[in-house]
Amino acid sequence: MRPLPLSLTLTLTFFAMASPIRQKRVAGRIQNELGQMLLTEVKDPRLALVSITRVTVDRELMQADVYVSALADDELGKHEVMTALDSAHGFLRREIGKRVQLRHTPQLIFHWDPGIENTEHVANLLDSLKTETRQTGGGPHD
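Just so you know, we're using the numbering used here here: the sequence shown kicks off at 4 and counts up by one.
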């Protein structure tokens, strides 16, 4: 069997990519399914309070970046959550393959989402600025 000419190969590769709308739909579906599985099917206690904050999928629908957060205050708690997700990776991917009908099940890559921590930090900074402004007697809203 002869290999395809380069121009035909590039054309086939170009058309195999998903549109941005399809990427968002697939990412949303994966996020919903993973959230349901973590709530009802995964029995690991380290994953009890884990939430899926967002999912992004690449254009080929072969890789899904899954961002998670939990009520873990310290680095040890974060490490435990990430370790538990890595150990449940096979189960989660297999179930995603069954529930989300795609030609290939995307590889799930878990990332810690620092969004909640950043939000708390900004809120604390704003509170301290507000307190400081009151103490100095300045500000337009006295």
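C-beta atoms are modelled at their ideal positions from N, C-alpha and C, and glycine is treated no differently. All of these numbers come straight from a predicted model, not from anything done at the bench.
Pairing Ala-75 with Asp-47 gives a Cβ-Cβ distance that is not under 8 angstroms. In the DSSP assignment, the residues bridged to Ala-67 are Val-60, Leu-111. Secondary structure of Ser-22 (DSSP, three-state): coil.
Around Leu-37, the same chain offers Ile-55 as residues with beta carbons nearer than 6 angstroms, after the five sequence neighbours per side are excluded. Scanning Asp-61, Val-60, Ala-30, Val-84 for the CA closest to the CA of Asp-116 turns up Val-84. Distance from the CA atom of Gln-39 to the CA atom of Asp-68, rounded to whole angstroms, is 17 angstroms.
Relative to the Cα of Gly-93, the nearest Cα in the group Glu-123, Gly-80, Pro-109 belongs to Pro-109. Beta-carbon to beta-carbon, Val-103 and Val-29 are separated by about 7 angstroms, close enough to satisfy the 8 angstroms threshold. Distance check between Ile-112 and each of Met-65, Gly-100, Arg-137 places Met-65 closest, using alpha-carbon atoms only. Comparing alpha-carbon positions, the option among Val-60, Gly-31, Ala-51 lying closest to Ala-21 turns out to be Val-60.
Rounded to whole angstroms, the separation of the alpha carbons of Gly-118 and Asp-130 is 18 angstroms. Boundaries of the alpha helix (DSSP H) around Glu-98: 92-102.
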